Amino acid sequence: MLIELPAGFDSGNLGTILMACIQLPLTTLGALLMDRSGRKPLLLVSTSGLIVGTLMSAVSFYLKVTFIAYLLVLFYIL
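Printed below as a string of structure tokens:
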């Protein structure tokens, strides 16, 4: 099953820690940008990042390339 694949990480803890370290500053940045630019531009940028991350995830699992998993953590949060 797809959910059982490790996605390039040796343990689940490494992926969780990496995701938390990226998510905290980007969430703060997103909150600050929302006040300046509004919700619509921020929504469009974050949706674009989500699309790129999803496509990279599909390619990573299809080609069985594990180093892309680290980039996926970044694009998932964007």
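Okay, so the sequence shown: first residue is -16 according to this note's numbering, each after it adds one.
Note that CB positions come from ideal geometry on N, CA and C, so glycine has one too.
Every value quoted in this text rests on a predicted model; they were computed, and no experiment measured them.
Residue i burial status per 10 Å Cβ neighbour count (16 or more: buried)
{"i": "A14", "result": "exposed"}
{"i": "A41", "result": "exposed"}
{"i": "A3", "result": "exposed"}
Whole-angstrom C-beta distance between residue j and residue i, which should lie under 8 angstroms
{"i": "L9", "j": "M17", "result": "Actually they do not touch by this definition, with Cβ atoms about 12 angstroms apart."}
{"i": "L54", "j": "M39", "result": "6 angstroms"}
C-alpha gap between residue i and residue j, whole angstroms
{"i": "I0", "j": "F44", "result": "22 angstroms"}
{"i": "L7", "j": "L46", "result": "31 angstroms"}
{"i": "I(-14)", "j": "R19", "result": "Only weak support is given to the placement of I(-14): the predicted model assigns it a pLDDT of 49, under 50, and the question is left unresolved by the model."}
{"i": "A52", "j": "L12", "result": "23 angstroms"}
{"i": "G36", "j": "R22", "result": "21 angstroms"}
Endpoints, alpha helix (DSSP H) assigned at residue i
{"i": "K23", "result": "R22 to L46"}
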